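For the sequence shown, the working numbering begins at 83 and goes up steadily by one.
Just below is one structure, and these are the notes that go with it.
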Amino acid sequence: MAALYSSVCEKFILPLADVAIHHRVMRSYKFYKESQWWDRQRLISYQNTCLSKTLKIAYKEVPFYKNLYDSYLVDINNVSNITELPLLPFVTKDMLRASYPDKCTRSTKWPWREYCTSGSSGKPFAVRVDNMTMSHARALMLLRTIFSGWNIGEPFLQTGMTLDRGIVKRLKDILMRAQYVSAFNLSDPVLDHYLDLIERKKLKYIMGYAGSMYCLASRASETRCNLKLKGVVSWGDNLYQHYRDKIEKTFGCRVTDTYGCGEGIQIAAQCGLNNGAYHVFMPHVVVEIVDDEGQPVNPGESGNVVLTRLDPGAMPLLRYKVGDIARKSTDESCPCGRGLEMLTKIDGRDTDVIVTPNGNRLIVHFFTGILEYYQSVDTFKVIQEKSGEIIIEIVPRPDFQDTHWEQIKGEILQKGDPHLKIEMKIVKDIPLEISNKRRFVVSMIK
Ligand SMILES: [Zn+2]
83 MAALYSSVCE KFILPLADVA IHHRVMRSYK FYKESQWWDR QRLISYQNTC
133 LSKTLKIAYK EVPFYKNLYD SYLVDINNVS NITELPLLPF VTKDMLRASY
183 PDKCTRSTKW PWREYCTSGS SGKPFAVRVD NMTMSHARAL MLLRTIFSGW
233 NIGEPFLQTG MTLDRGIVKR LKDILMRAQY VSAFNLSDPV LDHYLDLIER
283 KKLKYIMGYA GSMYCLASRA SETRCNLKLK GVVSWGDNLY QHYRDKIEKT
333 FGCRVTDTYG CGEGIQIAAQ CGLNNGAYHV FMPHVVVEIV DDEGQPVNPG
383 ESGNVVLTRL DPGAMPLLRY KVGDIARKST DESCPCGRGL EMLTKIDGRD
433 TDVIVTPNGN RLIVHFFTGI LEYYQSVDTF KVIQEKSGEI IIEIVPRPDF
483 QDTHWEQIKG EILQKGDPHL KIEMKIVKDI PLEISNKRRF VVSMIK
């Protein structure tokens, strides 16, 4: 019966829902599901074809790229192959922010939305994403989830930061049989409620931010030792080894960790083999690992992650330096048989959990879920030195006002804990930590 619903959902219900809301998730999903098994050469030649098209569109239709490449005297006709990408300069968040929206976006036939993200750098940043790009990203969210053994239509619990689930999202939750719960509050009574829900609805899969999965597993290990699941999928912050150990031991299943960024790019996910390597979603994104001069480093060596999304969408992202550090695998192939290349390690998502006076646990996405909507904040960092208190360092942009701080503080108190003492510190800069990492939620209380 479950297999039948899964098949009907994948083949009929979700494609129809796509048409109704002007998306193409299931069409993209079908393509990604098939192309993950292509051999490496075929995947690379597909990337080369998409790269040429995307680069030409960006140069012709997006002033930001035309000006940038002209100023670097780059002839884009010389870049027809992914190995020639180092001929192009990097693009950073700061550069895109300075040109947003008029100079770095283009019109497409699809409706678009603006998404706010602070990714892994603590810098609020707006991106324009059209329905086609969003469809690719959502299709890959499905693909990364089936890496865990889950099938479309199987019920699951998801923790997230969107409290206001509009009608379309609520409908999607019903069709997908998702129990969507908030990760804003992760105090013991709330975690108990989520665990009750998992037991009552007989859910076998849970998904969400690594920090929230860890909080849920920690609570389950204290209160109910028999709650076993089939799979856990994590995203967002770093899945530390002790997070993984706790979750896998408590729930008796594997954690599938995934890597994406809020800018409409899904990057990679673990298949569960090859020592936890992450398969890169090659038909969607070119991942380069480069040194500070933009030259590729050898597989196995650490370097900056630079992304090129292969569909131009409403806001092309070409050689976009996302702010993370990673390594490519030295292995050419994986026992799972997928042709997708692999990353072995991803850094840059390090973060801590803040515990509040009333016992709530604030994960990094609690803060990004509030602060990324304030474009007047250039960069932020949350520091807990003493129990019950936090300091928020803010690098302001010129339009930052005291009222913005009052609103930010008000939201943190209301959604997190009214008893938390919060101090703001305006700073000029928030330096990177060793190895270029930016850890933007830091707790000195262990
Ligand atoms: Zn694999």
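The C-beta atom is built at its ideal place from N, Cα and C for all residues, glycine as well.
Here the structure is a predicted model, which means the values were calculated and not measured.
| Asked | Found |
| --- | --- |
| C-beta contact flag for GLN346 and MET216 at 8 Å | According to the sequence displayed, residue 346 carries Gly and not Gln. Against a cut-off of 8 Å, the Cβ pair of MET216 and GLY346 comes out as a contact. |
| Local Cβ density within 10 Å of THR450, reported as buried at 16 or more and exposed below that | buried |
| Exposure label - LYS463; buried when at least 16 CB within 10 Å | buried |
| Minimum Cβ-Cβ distance from LEU125 to chain B less than 8 Å | Looking at the structure shown, chain B is missing, and only one protein chain is on hand. |
| Beta-carbon proximity list for TRP487, same chain, < 8 Å, skipping 5 on both sides | ILE476, MET506 |
| DSSP three-state assignment for MET289, whether helix, strand or coil | strand |
| Alpha helix (DSSP H) segments (min. 4 residues) lying fully within the segment 456-499 | 484-497 |
| Identity of the residue in GLU116, LEU169, LYS185 nearest LYS148 by Cα | LYS185 |
| Validate contact between the segment 289-299 and the segment 236-256 using beta carbons, cut 8 Å, 3 pairs | yes |
| PHE113 - containing alpha helix (DSSP H), residue span | 107-117 |
| Proximity winner among VAL315, TYR341, GLY344, THR340, relative to PHE333 (alpha-carbon distances) | VAL315 |
| 7 Å CB neighbourhood of PRO513 in its chain, flanking five on each side removed | none |
| Cβ separation of SER525 and VAL435, assumed to be a contact under 8 Å, to the nearest whole Å | 7 Å |
| Backbone CA spacing between TYR87 and ILE95 [nearest angstrom] | 10 Å |
| Paired residues, beta bridge with PHE363 - DSSP | Note: PHE363 sits in no beta bridge, so no partner. |
| Three-state secondary structure (DSSP) of GLN352 | strand |
| Bridge-paired residues (DSSP) for PRO378 | VAL372 |
| Rounded separation between ARG409 and ALA359 - CA only | 10 Å |
| Bounding residues of the beta strand (DSSP E) (the contiguous stretch that carries LYS503) | 503-508 |
| CB contact flag (CYS307, CYS353, <8 Å) | no |
| LYS328 burial status per 10 Å Cβ neighbour count (16 or more: buried) | buried |
| Completely contained alpha helix (DSSP H) runs for the segment 282-344, where each covers 4 or more residues | 292-305, 323-333 |
| ARG179: CB within 7 Å of a non-hydrogen atom of ligand 1 | no |
| Span separating the alpha-carbon of GLY498 from that of ARG521 | 20 Å |
| Lining residues of ligand 1 - beta-carbon closer than 6 Å to any non-hydrogen atom, in sequence order | CYS353, LEU355, ASN356, HIS361, CYS416, CYS418, ARG420 |
| ASN163 classed as buried or exposed, judged by whether at least 16 other C-beta atoms fall within 10 angstroms | exposed |
| Sheet register partners of GLY242 (DSSP bridge) | SER264 |
| Beta-ladder partner(s) of LEU279, from DSSP | LEU279 is not bridged to any residue. |
| Beta-carbon proximity list for LEU222, same chain, < 7 Å, skipping 5 on both sides | TYR114, GLN348, PHE363, HIS366 |
| N- and C-terminal bounds of the beta strand (DSSP E) containing ARG391 | 384-391 |
| Sequence-distant residues of its chain with Cβ nearer than 7 Å to ILE527 (five each side left out) | GLN466, SER469 |
| Where TYR154 falls, given that 16 or more other Cβ within 10 Å makes a residue buried | exposed |
| Member of MET258, TYR402, LEU425 whose CA lies at the smallest distance from the CA of LEU178 | TYR402 |
| The segment 256-263 contacting the segment 223-238, beta-carbon criterion three pairs below 8 Å | yes |
| Range covered by the alpha helix (DSSP H) that runs through THR227 | 213-228 |
| Where GLU281 falls, given that 16 or more other Cβ within 10 Å makes a residue buried | exposed |
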